[in-house]
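Below you'll find the structure, written out as structure tokens, and then a few comments.
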Amino acid sequence: MAHVDVVPERKLADALQNDAVRFVPVQDLVAGNPKLQFDHPIILAKALAYVRAAYAEHPDPDELMRVPFTLRELKETGEKSDGGCRGLSRLFARN
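Per the UniProt record's numbering, residue 1 is the first one in the sequence shown, and the count goes up by one each step.
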């Protein structure tokens with residue numbers, strides 16, 4: 001069993017002051033750096049699929065953005081989320 005929670009980076013500022021806590025880009029984890037143990041790669045893949053599906057349906061389902069936000073801020077948030085807003089990224093790429 002696993003739990004998926006999408007949290008705005010600004011809410012993690014206090015935790016990141018601890019040297020034992022660090023961000024690892026999702027792309028790195030998917031690529032195996034650092035190597036995840038046991039069935040964690042499967043859990044990560046399922047979590048990413050879940051989050052990407054939510055972001056494909058709605059622009060900001062987890063309210064990562066502060067309201068109001070610009071389309072540029074939404075695009076940047078989508079890019080940070082490893083393609084969670086792929087449709088939006090494609091939309092901006094055309095313009």
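For every residue, glycine included, the Cβ atom is placed at its ideal position computed from N, Cα and C. Remember, it's a predicted structure, so these values are computed and weren't measured experimentally.
Item                                                                                                                                                   : Value
Measuring CA to CA, which of Ile42, Gly78, Val4 is closest to glutamate 57?                                                                            : Gly78
Suppose you measure from the CA of aspartate 62 to the CA of phenylalanine 23; what does that come to, to the nearest Å?                               : 19 Å
Work out the CA separation of arginine 66 and lysine 75 for me, nearest whole Å.                                                                       : 14 Å
Under a three-way DSSP split, which group does glycine 78 fall into?                                                                                   : helix
Assuming glutamine 27 is part of the alpha helix (DSSP H), what are its boundary residues?                                                             : 26-30
Which residues in the same chain have their Cβ closer than 7 Å to the Cβ of alanine 20, if we skip the five residues on either side of it in sequence? : none
Could you have a look at lysine 35 and say whether DSSP puts it in helix, strand or coil?                                                              : coil
Exposed or buried, which one is leucine 71 when buried takes at least 16 other CB atoms within 10 Å?                                                   : exposed
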